[in-house]
Amino acid sequence: MTLPTNKVPYVDKIELAVNLFAPFVSAYFLFLLRRPVFHVNLRILLANFSIILSGITISRCVILIYIFSTGIEKPPSAVQIIHDSFVQGLQPASILMAGERCIATLFVDVYEKVKGWRITVAVCVSTYLVLLGMSYLCMAWRQNVKDLGDGNFIYLNPSDRDYLAALNSTLLVLNLIGFFMFFFIYRYNLKRWNKDLTKKLGHRYQISENIRTSRQLFMVLIGDVIICVYFFLVILYIFVLRHRNMAADIVAQLLDLGFAVAAIVMPVGFILANSKMRMMFIRHFHLGEGKLNWTRRSISNKPMVFTTAAEGQMYFKQLEKSWDNPKNCPKK
Numbered sequence: 184m185t186l187p188t189n190k191v192p193y194v195d196k197i198e199l200a201v202n203l204f205a206p207f208v209s210a211y212f213l214f215l216l217r218r219p220v221f222h223v224n225l226r227i228l229l230a231n232f233s234i235i236l237s238g239i240t241i242s243r244c245v246i247l248i249y250i251f252s253t254g255i256e257k258p259p260s261a262v263q264i265i266h267d268s269f270v271q272g273l274q275p276a277s278i279l280m281a282g283e284r285c286i287a288t289l290f291v292d293v294y295e296k297v298k299g300w301r302i303t304v305a306v307c308v309s310t311y312l313v314l315l316g317m318s319y320l321c322m323a324w325r326q327n328v329k330d331l332g333d334g335n336f337i338y339l340n341p342s343d344r345d346y347l348a349a350l351n352s353t354l355l356v357l358n359l360i361g362f363f364m365f366f367f368i369y370r371y372n373l374k375r376w377n378k379d380l381t382k383k384l385g386h387r388y389q390i391s392e393n394i395r396t397s398r399q400l401f402m403v404l405i406g407d408v409i410i411c412v413y414f415f416l417v418i419l420y421i422f423v424l425r426h427r428n429m430a431a432d433i434v435a436q437l438l439d440l441g442f443a444v445a446a447i448v449m450p451v452g453f454i455l456a457n458s459k460m461r462m463m464f465i466r467h468f469h470l471g472e473g474k475l476n477w478t479r480r481s482i483s484n485k486p487m488v489f490t491t492a493a494e495g496q497m498y499f500k501q502l503e504k505s506w507d508n509p510k511n512c513p514k515k
């Protein structure tokens with residue numbers, strides 16, 4: 184978004200400070216993703232998400248510094264298009280992660296052995312290039328207007344407003360579809376864990392890992408959906424319903440600040456939610472012995488406290504239950 188003219192005092196300076204700090208958080212998150220904490224394809228998607236957040240904050244820093252140094256509220260078009268393309272990149276993030284989790288669920292027995300990282304990288308790059316083209320079109324449509332004064336304007340080509348609404352609505356729908364896909368995949372894995380007592384221990388272990396991974400990703404996806412919905416509402420209010428008043432300027436300014444805050448909160452929240460990343464974080468910043476002193480939770484999301492020996496026997500008890508199941512008894 185272009186910085187509005189009716190600004191809340193000092194918010195832009197706070198935003199710049201947050202934007203300058205956020206890339207370091209994203210860089211540290213990328214550093215942690217070098218470790219095999221997840222399947223390689225999921226790590227690539229999370230890295231892509233982190234790069235998008237960094238792109239938003241870095242390009243926004245360039246825009247703000249340009250505005251502060253020149254006093255011109257309209258930044259160079261190329262920088263604005265790049266910034267908008269990264270913002271739009273948040274929209275398909277949920278459906279990409281949901282697709283990866285869907286494949287992990289369908290091929291639970293063999294997925295850990297499958298790499299295919301080149302395909303994942305190609306999908307991420309292709310998606311960004313498409314969104315870059317869409318951002319260029321959106322800017323062309325937004326600028327093809329006639330200013331009537333007093334905050335009023337009309338589109339020189341009336342269909343441009345329809346195109347703008349249709350494109351942003353489609354991206355939001357894809358984002359919501361991905362989120363609900365992710366939720367149903369999580370529920371499906373939970374049911375399989377509770378019912379598939381006849382399966383092998385390795386099969387049940389992979390299901391449990393899918394459940395834990397999905398639970399950790401929920402925090403990221405919920406934040407992604409919230410900020411994407413807010414972004415859509417701002418676009419709808421300003422460019423589709425054509426309101427350019429002080430309220431519109433303020434909500435647009437708060438949107439930019441929200442992107443900056445999200446670029447810090449979302450990676451940090453994910454690091455704290457994942458036990459392996461949290462342990463590395465504690466060790467890197469010398470916050471303790473690096474021990475996992477948070478209460479761990481079972482597959483059913485209930486608090487549990489295990490001794491090391493008892494935890495090591497957990498899956499063997501599940502295996503024993505599967506042996507006791509009549510379906511597993513050999514036929515005479």
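Residue numbers (our numbering): 184 to 515. Think of the CB as a built atom: it goes at the ideal place given N, C-alpha and C, for glycine as much as any other residue.
- Rounded to whole angstroms, the gap between the alpha carbons of R427 and I447 is 30 angstroms.
- Non-local beta-carbon contacts of D345 in its own chain, meaning distances under 6 angstroms to residues more than five positions away in sequence, are absent.
- Three or more Cβ pairs drawn from the segment 264-279 and the segment 233-252 lie within less than 8 angstroms of each other, which places the two stretches in contact.
- With respect to L400, M280 sits close: the two C-beta atoms are nearer than 8 angstroms.
- Here the segment 297-314 makes contact with the segment 217-225; the two share three or more CB pairs at distances below 8 angstroms.
- Taking 8 angstroms as the cut-off, the beta carbon of D292 is found no closer than this to the beta carbon of L247.
- The secondary-structure analysis by DSSP pairs K329 across a beta bridge with I337.
- In the three-state reduction of the DSSP assignment, N393 falls in the helix class.
- A direct Cα-to-Cα measurement between L455 and I394 gives close to 17 angstroms.
- Secondary structure within the segment 269-338: the alpha helix (DSSP H) runs of 4 or more consecutive residues, fully enclosed, are 276-289, 300-326 (chain order).
- Y338 and F366 have their C-alpha atoms spaced approximately 40 angstroms apart.
- Judged by DSSP in its simplified three-state form, F401 adopts helix.
- With contact defined as three or more Cβ pairs closer than 8 angstroms, the segment 345-355 and the segment 409-425 are in contact.
- Shown here, P450 sits in a helix according to DSSP, grouped into three states.
- In the three-state reduction of the DSSP assignment, K374 falls in the helix class, which pools H, G and I.
- DSSP assignment within the segment 409-467 yields no whole beta strand (DSSP E) run of 3 residues or more.
- Secondary structure note for K257: it is in no alpha helix (DSSP H), with a DSSP letter that is neither H nor E.
- Straight-line spacing of the CA atoms in Q263 and A431 works out to 19 angstroms.
- By the neighbour-count criterion, in which a residue is buried when 16 or more other Cβ atoms sit within 10 angstroms of its Cβ, E198 is buried.
- Sequence-distant Cβ neighbours of I368 in its own chain, meaning closer than 7 angstroms and more than five residues away, are A281, R284, C285, T288, S397.
- In the structure shown, the three-state DSSP call for P206 is helix.
- Ranked by Cα distance from R218, the first of C244, I250, C411, M463 is M463.
- Taking the C-beta atoms as reference points, I278 is found no nearer than 8 angstroms to I405.
- Distance from the CA of R461 to the CA of V313, rounded to the nearest whole angstrom, comes to 35 angstroms.
- Relative to the Cα of K329, the nearest Cα in the group Y319, P341, S318 belongs to P341.
- Taken through DSSP and simplified to helix, strand or coil, Y193 comes out as coil.
- Nearest Cα to L320 within the set N351, D333, V308: N351.
- One alpha carbon belongs to P192, the other to K298, and they sit about 50 angstroms apart.
- For the options L440, V451, I390, R466, the alpha carbon positioned closest to that of C244 is the one of L440.
- Separation of the CB atoms of S260 and M322 is rounded to 6 angstroms, and the pair is thereby assigned contact status at 8 angstroms.
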